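In the working numbering, the protein residues as written are 1 to 215.
Backbone N, C-alpha and C fix where the C-beta goes; we use that ideal spot for every residue, glycine too.
Nothing here was measured: the structure is a model prediction, and the numbers come from that model.
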Amino acid sequence: MRAAILCLSLVALTAAVRVTADDSKAAPAEGEWQTLFDGKTLTNWKPTEFGGEGEVYVEDGALVMDMGNPMTGVTWTGKPLPKSNYEVEFEGRRVTGSDFFCALTFPVQDDYASLVLGGWGGTIVGISTIDGYDASENETTDFFKFNRKEWYKIRLKVTNEKIESWINDKQLADVELGKKEIDVRIEVEPSKPFGLASFETQGQIRNLRLRSVKE
1 MRAAILCLSL
11 VALTAAVRVT
21 ADDSKAAPAE
31 GEWQTLFDGK
41 TLTNWKPTEF
51 GGEGEVYVED
61 GALVMDMGNP
71 MTGVTWTGKP
81 LPKSNYEVEF
91 EGRRVTGSDF
101 FCALTFPVQD
111 DYASLVLGGW
121 GGTIVGISTI
131 DGYDASENET
141 TDFFKFNRKE
151 WYKIRLKVTN
161 EKIESWINDK
171 QLADVELGKK
181 EIDVRIEVEP
191 SKPFGLASFE
201 TQGQIRNLRL
211 RSVKE
């Protein structure tokens with residue numbers, strides 16, 4: 001009888017250890033980077049149904065969004081991501097076309113916004129929308145020359161107080177949220193809660209990852 005009880009206890013302990021180990025993989029600790037794109041498959045992503053979208057596939061470690069009419073993209077289908085106090089990093093580039101190669105739609109607490117890279121003819125960067133104004137006409141509007149086929153390091157940080165963004169470690173957006181109204185353009189509604197899109201352009205993304213940060 002004692003032997004049977006001991007055996008059952010060992011089985012339960014082993015199962016508990018396995019569950020703990022699995023949980024640690026599923027929920028990275030604060031500050032630990034979580035890979036969102038493995039460079040091999042579209043696991044946890046689905047092509048976004050914009051209408052007129054191009055093909056989405058993986059090539060040479062990059063997520064490729066072929067030129068759409070007008071938009072192509074992918075939307076996150078994995079486990080829920082943080083709504084605030086997080087940081088996203090990735091590399092992106094424009095291969096063909098002359099408009100934005102990436103619009104990253106992301107949560108801002110209970111709202112959503114988009115980081116637009118190379119829009120409105122190819123050089124405008126910024127956050128859409130703030131108080132109803134697009135990235136082309138609000139406080140985050142900036143200009144950046146993107147060379148075709150050149151990779152750029154992108155970083156986005158969202159806290160309860162701010163939205164910040166960088167390209168190649170040069171800070172561009174630094175938005176104090178306060179009572180500002182944050183939203184997305186209607187065209188990228190299908191990208192919510194977290195998604196990538198390109199506009200009449202082939203855009204490529206690689207090394208996409210996210211981590212929680214302290215406010």
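Enclosing beta strand (DSSP E) for residue i [first to last residue]
i: residue 60; result: Here residue 60 belongs to no beta strand (DSSP E), and DSSP marks it neither H nor E.
i: residue 196; result: 195 to 199
i: residue 113; result: 111 to 119
i: residue 174; result: 170 to 176
i: residue 70; result: From DSSP, residue 70 is part of no beta strand (DSSP E); its letter is neither H nor E.
i: residue 107; result: 102 to 108
Beta-carbon proximity of residue i to residue j, cut-off 9 Å
i: residue 106; j: residue 116; result: no
i: residue 175; j: residue 86; result: no
i: residue 154; j: residue 166; result: yes
i: residue 103; j: residue 196; result: yes
i: residue 184; j: residue 114; result: yes
i: residue 63; j: residue 194; result: no
i: residue 131; j: residue 180; result: yes
i: residue 211; j: residue 31; result: yes
i: residue 61; j: residue 92; result: no
i: residue 161; j: residue 200; result: no
i: residue 95; j: residue 177; result: no
From the options, residue whose alpha carbon lies closest to that of residue i
i: residue 55; options: 207, 210, 186, 202; result: 202
i: residue 77; options: 96, 88, 42; result: 42
i: residue 152; options: 34, 89, 213, 74; result: 89
i: residue 74; options: 58, 84, 83; result: 58
i: residue 119; options: 108, 110, 112, 142; result: 142
i: residue 79; options: 65, 110, 139, 34; result: 34
Assigned secondary structure, residue i (DSSP; H/G/I helix, E/B strand, else coil)
i: residue 181; result: coil
i: residue 207; result: strand
i: residue 87; result: strand
i: residue 213; result: coil
i: residue 164; result: strand
i: residue 189; result: helix
i: residue 131; result: coil
i: residue 42; result: coil
i: residue 96; result: strand
i: residue 157; result: strand
i: residue 82; result: coil
i: residue 35; result: strand
Check whether the region 59 to 76 touches the region 120 to 139, taking contact to mean three or more Cβ pairs, one atom from each stretch, closer than 8 Å.
No, they do not touch.
Between the region 37 to 56 and the region 189 to 205, do at least 3 Cβ pairs fall closer than 8 Å?
Three or more beta-carbon pairs drawn from the region 37 to 56 and the region 189 to 205 are found closer than 8 Å, and the two stretches are therefore classed as touching.
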